[in-house]
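*Asks:* Sharing a structure below in structure tokens format, with a few things to ask.
In the numbering used here, the protein residues as written are 15 to 455.
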């Protein structure tokens, strides 16, 4: 029995060769990269090695160099099997490693078998590893690797290999039907899992026999089990919420009569009394004479989504109520604050008008500051009131100088700085489009 070592970091690629070569009765070994393959080769002494080129840890070129350097394994024939490199690109390095055959993916299974048989039938040993200068070999090696690192190629390679492996199995497998049935069961399991993840159930109604087939997920959505519930059109309608039952019946019967698809939202009642909301879609399948034979469709449990939508509606209403309360409060605060400001501003204006000539300069300056600040405070109250209505009013955008805005803010705060030594530096700030009143606030 011939022992063949298959080296490839892609499990799909390895499985393809194991499946293909297994029909010839060979003993097959596997390794995921060059480093692992080197250990297996030293331990098992295979008669032939089929290796990918681009692999992690140690690629095919480096693996063969190390293999040729080991006297115990140096004469083992090697075939390169790769989709990453074209044959002409890898030929020079392959020959430098003593590799005579390069198989490029995709390749017909019969071609693989022919080259394997030819290599195993060689009477002469493989070309010995020539004394190529390490620097030249490494430079060419690195160039090939960097030019061919392409994720898209790997994806296409995997797809092509899966297809090729499937074709080879179908050609050689005597029990094709058994394997197809197993594949169908796996697909059904995957579909069932996918339906479970998205809470999506499927159904099929054979109208002449009134037989309804539900998927596993649809039973889960309804809170039922196939052993306890026999699905028919009538028993399905019994699970529909009484408030929706007549509408559902009418929609389905209209779709059946007019041979048109339908979409609806319906409530169902589970055996434990809980109510779920389903988004249902279906269509009619007719025969060649245009006569309806069955209906097929899907149902998705959208209860949580509908609950979230209702919460959003309620939260929006609460926010609108809060905004109205805030606006009313702002009006009240504005009125309460404006009254004393008007008094301060009025009395300071009278004081300034009647007694300014009799006041010292500091007093006149302070009086002017009082009037300026009361007016600024009044504008600030008006701006705050406008700010409370911001969600209902558009922004008054204009070109604003941030530096001037900072200077005005510092003027408002100058009373806070009296008696202190404060150094303020304002850098160069670019102009921007904004609502200056809101920024000032």
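Glycine included, every Cβ here is placed at the ideal spot set by N, Cα and C.
Taking its Cβ as the centre, do 16 or more other Cβ atoms sit within 10 Å of residue 439, making it buried, or is it exposed?
*Replies:* exposed
*Asks:* Apart from the five residues on each side of it in sequence, which residues of its chain come closer than 7 Å, Cβ to Cβ, to residue 171?
*Replies:* 97 and 119
*Asks:* Tell me which residue opens and which closes the beta strand (DSSP E) that residue 310 is part of.
*Replies:* 306-315
*Asks:* Here's a check: name, in chain order, each residue in its chain whose Cβ is nearer than 6 Å to the Cβ of residue 432, leaving out the five neighbours to either side.
*Replies:* Same-chain partners within the cutoff: there are none.
*Asks:* Classify residue 95 as buried or exposed, calling it buried when 16 or more other Cβ atoms lie within 10 Å of its own Cβ.
*Replies:* buried
*Asks:* Ignoring anything shorter than 3 residues or poking outside the region 59-129, list the beta strand (DSSP E) runs there in chain order.
*Replies:* 62-65, 92-96 and 115-118
*Asks:* Exposed or buried, residue 260, counting other C-beta atoms within 10 Å across all chains shown (16 or more means buried)?
*Replies:* exposed
*Asks:* Let me know the secondary structure DSSP gives residue 226 once reduced to three states.
*Replies:* strand
*Asks:* Just the C-alpha distance for residue 283 and residue 250, rounded to the nearest angstrom, thanks.
*Replies:* 11 Å
*Asks:* State the Cα-Cα distance for the pair residue 447 and residue 398, rounded to the nearest angstrom.
*Replies:* 20 Å
*Asks:* Taking the straight line between their C-alpha atoms, what separation do you get for residue 315 and residue 296?
*Replies:* 15 Å
*Asks:* So what does residue 290 bridge to, in DSSP terms?
*Replies:* Beta-bridge pairing links residue 290 to 282.
*Asks:* May I ask which residues mark the beginning and end of the beta strand (DSSP E) holding residue 447?
*Replies:* 446-448
*Asks:* Quick one, which of 133, 49, 26 and 82 has its alpha-carbon nearest residue 17's?
*Replies:* 133
*Asks:* Where residue 374 and residue 421 are concerned, what is the direct C-alpha to C-alpha distance, given to the nearest angstrom?
*Replies:* 28 Å
*Asks:* In terms of alpha-carbon separation, which member of 244, 418 and 224 lies closest to residue 233?
*Replies:* 244
*Asks:* Three-state secondary structure (DSSP) at residue 414?
*Replies:* Correct three-state label for residue 414: strand.
*Asks:* Between which two residues does the alpha helix (DSSP H) holding residue 269 run?
*Replies:* 256-272
*Asks:* May I have the straight-line CA-CA distance separating residue 289 from residue 255, to the nearest angstrom?
*Replies:* 8 Å
*Asks:* Determine the burial state of residue 60: buried for a count of at least 16 other Cβ atoms within 10 Å of its Cβ, exposed for fewer.
*Replies:* buried
*Asks:* Just to check my reading of the structure: residue 64 and residue 55 have Cβ atoms closer than 8 Å, yes? What is that Cβ distance to the nearest angstrom?
*Replies:* Wrong, their Cβ atoms sit about 12 Å apart, outside the cutoff.
*Asks:* Is it the case that the region 67-83 contacts the region 35-51, given that we only count it when at least three CB pairs across the two stretches are under 8 Å?
*Replies:* yes
*Asks:* Just how far apart, CA to CA, sit residue 424 and residue 351?
*Replies:* If I take the Cα positions, the gap works out to 23 Å.
*Asks:* Tell me whether residue 32 sits in a helix, a strand or coil according to DSSP, three-state version.
*Replies:* helix
*Asks:* From residue 137 to residue 23, what does the alpha carbon distance come to, in whole angstroms?
*Replies:* With a pLDDT of 39 at residue 137, under the threshold of 50, the predicted position of this residue should be treated as unreliable, though the coordinate-derived value follows. Distance between the alpha carbons of residue 137 and residue 23 is about 31 Å.
*Asks:* Since residue 252 is in the beta strand (DSSP E), which residue starts that stretch and which ends it?
*Replies:* No beta strand (DSSP E) holds residue 252; the alpha helix (DSSP H) holding it covers 247-253.
*Asks:* With the cut-off set at 9 Å, would you say residue 286 and residue 215 are in Cβ contact?
*Replies:* No, these two residues do not count as a Cβ contact at 9 Å.
*Asks:* Which same chain residues end up closer than 6 Å to residue 160 when comparing Cβ atoms and leaving out the 5 residues on each side of it in sequence?
*Replies:* With a pLDDT of 48 at residue 160, under the threshold of 50, the modelled position of that residue is not reliable, and the figure given next carries that caveat. Within the same chain, residue 160 has no close Cβ partners at all.
*Asks:* Buried or exposed for residue 263, please, with buried defined as at least 16 other CB atoms from any protein chain shown within 10 angstroms of its CB.
*Replies:* exposed
*Asks:* Mind reading off the beta-carbon distance from residue 221 to residue 306? Whole number of angstroms is fine, and I expect it under 8 Å.
*Replies:* With 8 Å as the limit, residue 221 and residue 306 qualify as a contact, their Cβ atoms being about 6 Å apart.
*Asks:* On the criterion of 16 or more Cβ atoms from any shown chain inside 10 Å, does residue 304 qualify as buried, or is it exposed?
*Replies:* When all chains shown are included, residue 304 counts as exposed.
*Asks:* Just verifying my parser: in three-state terms, what is the DSSP assignment at residue 53?
*Replies:* helix
*Asks:* From the DSSP output, which residues share a beta bridge with residue 276?
*Replies:* 296
*Asks:* Quick check: residue 454 and residue 409, are their CB atoms within less than 9 Å of each other?
*Replies:* Remark: C-beta atoms of residue 454 and residue 409 do not approach each other more closely than 9 Å.
*Asks:* Could you tell me which of 91, 270 and 174 sits nearest to residue 111, measuring between CA atoms?
*Replies:* 91
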